[in-house]
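Asks: This is the structure I want to talk about, given as structure tokens.
In the working numbering, the protein residues as written are 905 to 1110.
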């Protein structure tokens, strides 16, 4: 098999697949300050057309944006719900175990990202098509961004829900139903990511 890179299989194709794996875990996150990722793509050329490699500054800035400026969405949901449970536990300590549900559901969001990241990493190859790289990136972003939304929703609902349950126990069933609908937001992203991953053939066209 030839080792040369064609137009459909450039040398930087695996980068997008790797970013998909990263996005599945890291990009399900809450940014600590408002940094626009689009600006990273507008600062100079993204790809050196002569060497067909990614611009070094883009690579470094993307890594900085993903790792240094973000926190996990699942962790946000867990922390936000945990604060509410701690406050509620002062008034009604007997309800702490019962109201631990939001923390558990927030942790499941991280499992979605882990599953997709493992699947995508299994398809990474030194030589792969650009199409497969973008498909893997889209799969990672699908589960990552849906996990972002689900993590925020579970955190906000869990915090307010457990506080309200301490004062009115009848709110517990309603809180659980809302948490379920918030959780399926992440599940939708997982389903889309799995479907996209089946369409990625790293060696196609190479």
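Glycine is no exception: its CB is placed at the ideal position from the N, C-alpha and C atoms.
1) Measuring alpha carbon to alpha carbon, tell me which residue in 1073, 983, 924 is nearest residue 1059.
2) Three or more beta-carbon pairs under 8 Å between the region 1013-1023 and the region 1060-1077, yes or no?
3) Rounded to a whole number of angstroms, what is the C-alpha to C-alpha distance between residue 991 and residue 1008?
4) Going by DSSP in three states, residue 1081 sits in which element: helix, strand or coil?
5) Using a 10 Å radius around the Cβ and a threshold of 16 neighbouring Cβ atoms, would you call residue 1079 buried or exposed?
6) Pick out the complete alpha helix (DSSP H) segments inside the region 991-1043, 4 residues or longer, and give them in chain order.
7) Could you tell me whether the Cβ atoms of residue 1101 and residue 1024 are closer together than 8 Å?
8) What does the Cβ neighbour count give for residue 1081, buried or exposed, with the cut at 16 atoms within 10 Å?
9) Give a yes or no on whether the C-beta atoms belonging to residue 1054 and residue 1090 are separated by under 8 Å.
10) Where does residue 1104 fall in DSSP's three states?
11) Please name the residue, chosen from 981, 1064, 1088, that lies closest to residue 988 on a Cα-to-Cα basis.
12) Can you check which of these residues, 1003, 1011, 986, is closest to residue 1076 by C-alpha distance?
13) How big is the Cα-Cα spacing for residue 1051 and residue 1010?
14) Contact defined as beta carbons within less than 8 Å: I believe residue 1061 pairs with residue 1097. What is the distance between those atoms, to the nearest angstrom?
15) Quick one: what does DSSP say residue 936 is sitting in, helix, strand or coil?
16) When the Cα atoms are used, what is the spatial distance from residue 981 to residue 1006?
17) Helix, strand or coil for residue 1067 per DSSP?
18) From 1012, 1067, 1048, 1039, pick the residue whose C-alpha is nearest to that of residue 986; which is it?
19) In chain order, what residues of the same chain have a beta carbon less than 6 Å from the beta carbon of residue 995, not counting five sequence neighbours either side?
20) Apply the 10 Å Cβ neighbour rule to residue 1039 and answer buried if 16 or more other Cβ atoms are within range, or exposed otherwise.
Replies: Taking the coordinates as given:
1) Residue mapping note: residue 1059 aligns to position 155 of the chain shown, counting from 1. The alpha carbon of residue 1059 has as its nearest neighbour, out of 1073, 983, 924, the alpha carbon of 983.
2) Verdict: no, contact absent.
3) As a working mapping, residue 991 is identified with position 87 in the chain shown. As a working mapping, residue 1008 is identified with position 104 in the chain shown. Within the model, the alpha-carbon separation for residue 991 versus residue 1008 is close to 18 Å.
4) Numbered from its first residue, the chain shown carries residue 1081 at position 177. For residue 1081, the secondary structure class from DSSP, reduced to helix, strand or coil, is helix.
5) Against the chain shown, residue 1079 aligns to sequence position 175. Burial call: buried.
6) Whole alpha helix (DSSP H) segments, 4+ residues: 1005-1026.
7) Numbered from 1 along the chain shown, position 197 holds the residue referred to as residue 1101. Numbered from 1 along the chain shown, position 120 holds the residue referred to as residue 1024. Cβ atoms of residue 1101 and residue 1024: closer than 8 Å.
8) Numbered from its first residue, the chain shown carries residue 1081 at position 177. Under this definition residue 1081 is an exposed residue.
9) Stepping through the chain shown from its first residue, residue 1054 is reached at position 150. Stepping through the chain shown from its first residue, residue 1090 is reached at position 186. It is a contact, given that the beta carbons lie within the stated cut-off.
10) By one-based count along the chain shown, residue 1104 stands at place 200. Looking at residue 1104 - three-state DSSP - the assignment turns out to be coil, as it is neither helix nor strand.
11) If you number the chain shown from 1, residue 988 lands on position 84. Residue 988 has its Cα closest to that of 1064, out of 981, 1064, 1088.
12) Here residue 1076 corresponds to residue number 172 of the chain shown, with the count starting at 1. Selection 1003, 1011, 986 evaluated against residue 1076 yields 1003 as nearest (Cα-Cα).
13) Taking the chain shown and counting its residues from 1, the one referred to as residue 1051 is at position 147. Taking the chain shown and counting its residues from 1, the one referred to as residue 1010 is at position 106. The alpha-carbon atoms of residue 1051 and residue 1010 are separated by roughly 9 Å.
14) Your numbering for residue 1061 matches position 157 in the chain shown. Your numbering for residue 1097 matches position 193 in the chain shown. About 24 Å separates the CB atoms of residue 1061 and residue 1097; that is not less than 8 Å, and the two are not in contact.
15) For this step, residue 936 is matched to residue 32 along the chain shown. Any reading at residue 936 needs caution, since the residue's pLDDT is 38, under 50, leaving its predicted position unreliable; the model's value is listed next. Of the three classes helix, strand and coil, the one that applies to residue 936 here is coil, per DSSP.
16) In the chain shown, residue 981 corresponds to position 77, counting from 1. In the chain shown, residue 1006 corresponds to position 102, counting from 1. Cα to Cα, residue 981 sits roughly 8 Å from residue 1006.
17) Taking the chain shown and counting its residues from 1, the one referred to as residue 1067 is at position 163. Note: residue 1067 maps to helix in three-state DSSP.
18) Here residue 986 refers to the residue found at position 82 of the chain shown. Nearest Cα to residue 986 within the set 1012, 1067, 1048, 1039: 1067.
19) Position 91 of the chain shown holds residue 995. Within its own chain, the residues whose Cβ lies closer than 6 Å to the Cβ of residue 995, once the five positions on either side in sequence are excluded, are 1070, listed in chain order.
20) Here residue 1039 corresponds to residue number 135 of the chain shown, with the count starting at 1. Result: buried.
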